[in-house]
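Input: a single structure, listed below in structure tokens.
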Amino acid sequence: MEIYKEIEKSIIKKYRKDIWSKFVKAVQEYELIKENDKIMVCISGGKDSFLLAKCIQELIKHGKFRFEAKFVVMNPGYKESNIELIKYNAKLLNIPIEIFESDIFSVVDKISSENPCYLCARMRRGFLYNKAKEFGCNKIALGHHLSDVIETTLLSMFYGAEIKTMMPKLHSTNFEGIDLIRPLYLVLEKDIISWVGSNNLKFLNCACKFTEKSSIEDNSKRKEIKKLINDLKKINPNIEHNIFKSMDNVNLNCVLGYIKDNKKETFLDNY
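Everything in the sequence shown is counted per our numbering, starting at 1289 for the first residue and increasing by one.
Next up, the structure:
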């Protein structure tokens, strides 16, 4: 049996409970993919986006409705060795990728070299939406997973002084008719790491030129939050589940205020 078929089998069989079933549940529960959708699946080169691509392929083969997917890699200025690794993994996993070039790294380096992450993320998103429009896609799929969601929730509370989370899908505000979806929304990172190890796969960890030459990644707040969650799990094994479910059980009778459609409401308004 070819290697990619073994890898596909592992998703459906060995990781059915931890990956495949949760992927399917997110697609169904949050209505992420519908009949006749044309989805641009964004592959960064990391484990999450490559797993997402394989799950999308499996859903096309085994799902109950028809939809299309285009697998796209944006090269923002990666080293040639990183591009070669992406091509190698795409071939190994039997994913027909299309690579397009951008000059994001060089532009960000000139404009915002000391604090590049925000600008880089904004520019990446703009390039991806434009490419989706060019392909005639109505949805863009990203590889964010449940651990990303939980970490983002805590980051917003601890460093943004607000309660909000990463949503499973979003309407684009600048590109009408295109939605952003996150089909791995219910899959924990530890299970993705286990899948990678079980299949002896090697993906890009971080191909960002800025973290390679600085201490941005080492000192990131997200790493700090990851460590906090891991420490809390030693005390309460259900901590990840509880943080996630809290965002699905907000009691508006017991909050001081909230924002809806850019309008601030407080508990005094209806006291």
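The beta carbon of each residue, even a glycine, is placed where N, CA and C say it ideally should be.
Cβ shell of residue i (< 6 Å), same chain only, five flanking positions each side left out
| i | result |
| --- | --- |
| residue 1353 | 1323 |
| residue 1511 | none |
Status (buried if at least 16 other CB within 10 Å, exposed otherwise) for residue i
| i | result |
| --- | --- |
| residue 1299 | buried |
| residue 1486 | exposed |
| residue 1359 | buried |
| residue 1350 | exposed |
| residue 1506 | Interpretation of residue 1506 is limited by its pLDDT of 46, a score under 50 that renders its predicted location unreliable; no figure is taken from the coordinates. |
| residue 1336 | buried |
| residue 1338 | buried |
| residue 1461 | exposed |
| residue 1295 | buried |
| residue 1427 | buried |
| residue 1543 | exposed |
| residue 1491 | buried |
| residue 1293 | exposed |
| residue 1291 | exposed |
| residue 1519 | exposed |
Limits of the unbroken alpha helix (DSSP H) element including residue i
| i | result |
| --- | --- |
| residue 1439 | 1434-1448 |
| residue 1528 | 1527-1534 |
| residue 1296 | 1291-1300 |
| residue 1519 | 1509-1523 |
| residue 1485 | 1477-1486 |
Residues near residue i in its chain [Cβ-Cβ closer than 8 Å; skip 5 each side]
| i | result |
| --- | --- |
| residue 1530 | 1524 |
| residue 1528 | 1434, 1435, 1438, 1476, 1517 and 1521 |
| residue 1313 | 1474 |
Span of the beta strand (DSSP E) around residue i
| i | result |
| --- | --- |
| residue 1385 | 1385-1389 |
| residue 1428 | 1427-1429 |
| residue 1458 | 1457-1459 |
| residue 1551 | 1551-1554 |
| residue 1467 | 1467-1469 |
| residue 1548 | 1545-1548 |
Contact set for residue i: own chain, Cβ-Cβ below 7 Å, skip 5 residues either direction
| i | result |
| --- | --- |
| residue 1479 | 1303, 1306 and 1307 |
| residue 1509 | 1443 and 1447 |
| residue 1311 | 1343, 1471, 1472 and 1475 |
| residue 1275 | Here the chain covers residues 1289 to 1559 and nothing more, so residue 1275 does not appear. |
| residue 1340 | 1329, 1429, 1431, 1471 and 1472 |
Determine, using beta-carbon pairs with one atom in the segment 1336-1345 and one in the segment 1375-1382, whether at least three such pairs fall under 8 Å.
Three or more Cβ pairs drawn from the segment 1336-1345 and the segment 1375-1382 lie within less than 8 Å of each other, which places the two stretches in contact.
Worksheet entry | Three or more C-beta pairs below 8 Å linking the segment 1516-1535 and the segment 1428-1439 | Contact holds: three or more Cβ-Cβ distances are below 8 Å.
Checklist line | 3-residue-minimum beta strand (DSSP E) runs that sit fully inside the segment 1308-1396, ordered along the chain | finding: Scanning the segment 1308-1396 from its first residue to its last, the whole beta strand (DSSP E) runs of 3-plus residues come out as 1326-1330, 1356-1363 and 1385-1389.
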